[in-house]
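J.: Last residue of the sequence shown: number 110 in the working numbering, and the count goes up by one each step with no gaps. Where a beta carbon is used, it is the ideal one built from N, C-alpha and C, also for glycine. This structure is a prediction, so every number in the text was calculated from the model and none was measured.
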Amino acid sequence: MVSKAIVLFLVLGSALAAPQYQSPIYTSTQSPDPYSYQYAVQDVESGNDFSAQESSDGQVVSGSYRVLLPDGRVKDVTYHVEGDSGFVADVKYEETPYHAVGTQTKYV
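#1: Under 8 Å, do SER53 and TYR67 count as touching if we go by C-beta distance?
#2: Applying the criterion that 16 or more other CB atoms from any shown protein chain within 10 Å of the CB defines a buried residue, is GLY65 buried or exposed?
#3: In angstroms, rounded to a whole number, what distance separates the CA positions of LEU12 and PHE89?
#4: Among GLN61, GLU47, GLN24, GLY15, which residue has its Cα nearest to the Cα of PRO36?
#5: Can you tell me which residues form a DSSP beta bridge with SER98?
#6: Measure from the alpha carbon of THR98 to the alpha carbon of each residue in MET3, ASP92, ASP73, ASP86, then state which is nearest.
#7: Where PRO26 and SER87 are concerned, what is the direct C-alpha to C-alpha distance, given to the nearest angstrom?
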């Protein structure tokens with residue numbers, strides 16, 4: 003009986019003495035790379051008309067995009083990000099909206 007207690011004590015002791023897992027701590031020594039891109043799409047048949055551009059020096063991101071909305075207005079957005087500020091946007095609309103006049107196709 004004493005031998006069973008000793009074995010149980012040794013098993014529990016070794017299980018509790020085992021090293022606990024800790025996730026490794028990663029630190030980045032490299033700053034983000036600078037980048038720049040731009041594109042534009044203008045498709046008369048589908049009515050798509052938009053463009054975008056963005057650039058970063060590794061610390062500050064700035065950019066803009068422009069899109070033709072379904073109501074005929076053009077939406078211009080310029081934005082920037084510094085540090086952990088998140089996106090700070092300035093939104094402007096060109097022209098006034100129009101409402102299309104016509105009949106709606108009914109599907110049966």
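T.: Taking the coordinates as given:
#1: yes
#2: buried
#3: 58 Å
#4: GLN61
#5: Before going further, note that residue 98 is Thr rather than Ser in the sequence given. Paired residues: none, contrary to the question.
#6: ASP73
#7: Taking the straight line joining both Cα atoms gives about 28 Å.
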